[in-house]
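Numbering (the numbering used here), first residue to last: 97 to 430.
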């Protein structure tokens with residue numbers, strides 16, 4: 097088997113695993129490699145039947161009709177065989193129904209013939225107790241033995257791409273929920289890397305940064321204070337917090353990353369004369385790995401978080417044990 101050809105067919109799927117919008121193009125390139133075939137990615141849930149995820153050269157309305165009319169294993173020989181197959185095996189239509197019987201088969205007559213399709217190859221990818229995902233190829237002329245072998249050879253690559261995509265999709269959902277929760281908090285919260293570049297800011301922080309009164313965004317997305325003295329102090333706190341996070345995760349290597357003080361508090365005067373902003377810088381905790389195939393995640397970026405709040409009473413204060421001006425205790429948001 098030509099390794100270069102396999103890689104050329106699977107590279108688009110590895111890209112699609114990282115960027116979901118690439119799946120239709122990856123399927124289109126796969127279909128081109130199999131003689132202009134229709135290519136689809138679908139799931140089959142044991143309690144919900146087939147569902148089309150992505151496709152190239154496939155009529156979605158006809159697929160929906162097929163799922164509604166022939167989606168149960170009780171009446172569909174193909175689904176029964178797919179249920180019993182191991183991930184990575186290839187099901188060839190000719191192995192299920194010979195050509196003379198296929199011409200009268202309602203699946204062919206009602207769903208493939210209207211799309212000018214005749215033969216099909218299907219491989220189940222990721223399987224679990226709830227069901228499985230499949231890649232299917234369909235075209236106007238019969239497939240050949242060498243093409244079934246090619247699909248079998250690239251199936252493990254498609255499996256890995258789909259696993260990565262599933263894992264990243266779950267992480268994106270969790271991240272989206274977390275960022276939505278951050279937006280609901282009253283204090284301004286900024287997630288930044290060790291250079292002070294903003295990775296995310298919640299709604300309150302975005303409003304503070306938009307005012308550019310004491311704290312703003314510089315060109316390139318880094319935090320910028322109104323005065324040079326506070327800029328240096330803030331940079332030290334952020335770099336120190338990021339270094340602590342690295343050391344805690346066993347990722348610190350340079351001497352500068354080992355000698356860290358772990359963040360701290362800072363008061364930022366505002367040119368408008370309004371009460372100074374109180375900034376608390378702290379390292380982020382690294383989430384525990386979920387284990388399994390998804391646990392081999394890349395090292396996290398050196399990051400820290402800043403909480404920004406002004407009590408409006410004291411012109412200058414530091415939140416460590418409390419306000420150094422009026423001695424009020426640390427507020428709950430810090």
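Beta carbons: idealized from backbone N, C-alpha and C, even for Gly.
- Within the region 120-147, the complete beta strand (DSSP E) runs of at least 3 residues fall at 134-141.
- Residue 219 is bridged by DSSP to 231.
- With fewer than 16 neighbouring CB atoms inside 10 Å of its own CB, residue 141 falls in the exposed class.
- Checking the DSSP bridge columns, you'll see residue 158 has no partner listed.
- In the structure shown, the three-state DSSP call for residue 332 is helix.
- Distances from the alpha-carbon of residue 137 to those of 328, 148, 185, 128 put 148 closest.
- Between residue 258 and residue 229 the beta-carbon gap is near 6 Å, inside 8 Å, which marks them as a contact.
- A straight line joining the alpha-carbon of residue 317 with that of residue 301 spans about 14 Å.
- Counting only runs of at least 4 residues, the region 251-331 fully encloses the following alpha helix (DSSP H) elements, listed from N- to C-terminal order: 299-307.
- Within the same chain, and ignoring the five residues on either side of residue 167 in sequence, the residues whose Cβ sits closer than 6 Å to its Cβ are 145, 146.
- For residue 379, the secondary structure class from DSSP, reduced to helix, strand or coil, is strand.
- The alpha-carbon separation between residue 125 and residue 116 amounts to approximately 15 Å.
- Taking a contact as a CB-CB distance under 8 Å, the pair residue 314 and residue 320 counts as one, their CB atoms being some 4 Å apart.
- Between the region 216-231 and the region 176-186 there are three or more C-beta pairs closer than 8 Å, enough to call the two in contact.
- Residue 165 sits in a helix when the DSSP states are folded into three classes.
- Per DSSP, reduced to three states, the secondary structure at residue 201 is coil, with no helix or strand assignment.
- In this chain, the alpha helix (DSSP H) harbouring residue 190 covers 189-192.
- Burial check for residue 225: the Cβ neighbour count within 10 Å stays below 16, so the residue is exposed.
- The region 157-177 makes no contact with the region 230-239; the number of CB pairs closer than 8 Å stays below 3.
- Between the C-alpha atoms of residue 265 and residue 121 there is a straight-line separation of about 19 Å.
- Pairing residue 112 with residue 252, the inter-Cα distance amounts to about 15 Å.
- Looking at 371, 163, 312, 377, the one whose alpha-carbon comes closest to that of residue 341 is 377.
- For residue 104, the secondary structure class from DSSP, reduced to helix, strand or coil, is helix.
- Residue state for residue 213 is assigned as coil, using DSSP reduced to three classes.
- Scanning its chain for C-beta atoms nearer than 8 Å, with the 5 sequence neighbours on each side dropped, one finds around residue 150 the residues 119, 120, 123, 136, 137, in chain order.
- Taking the Cα of residue 289 as reference, the smallest distance to any Cα among 282, 298, 336 is reached at 336.
- In terms of CA proximity to residue 133, 155 leads the group 114, 155, 143.
- Per DSSP, residue 179 is one residue of the alpha helix (DSSP H) stretching across 173-180.
- Sorting 311, 343, 379, 334 by C-alpha distance to the C-alpha of residue 364 places 311 at the top.
- Residue 106 counts as buried, since at least 16 other C-beta atoms from the protein chains shown sit within 10 angstroms of its C-beta.
- Considering only 181, 330, 153, 304, the residue with the shortest C-alpha distance to residue 362 is 330.
- The three-state reading of DSSP puts residue 150 in strand, counting E and B together.
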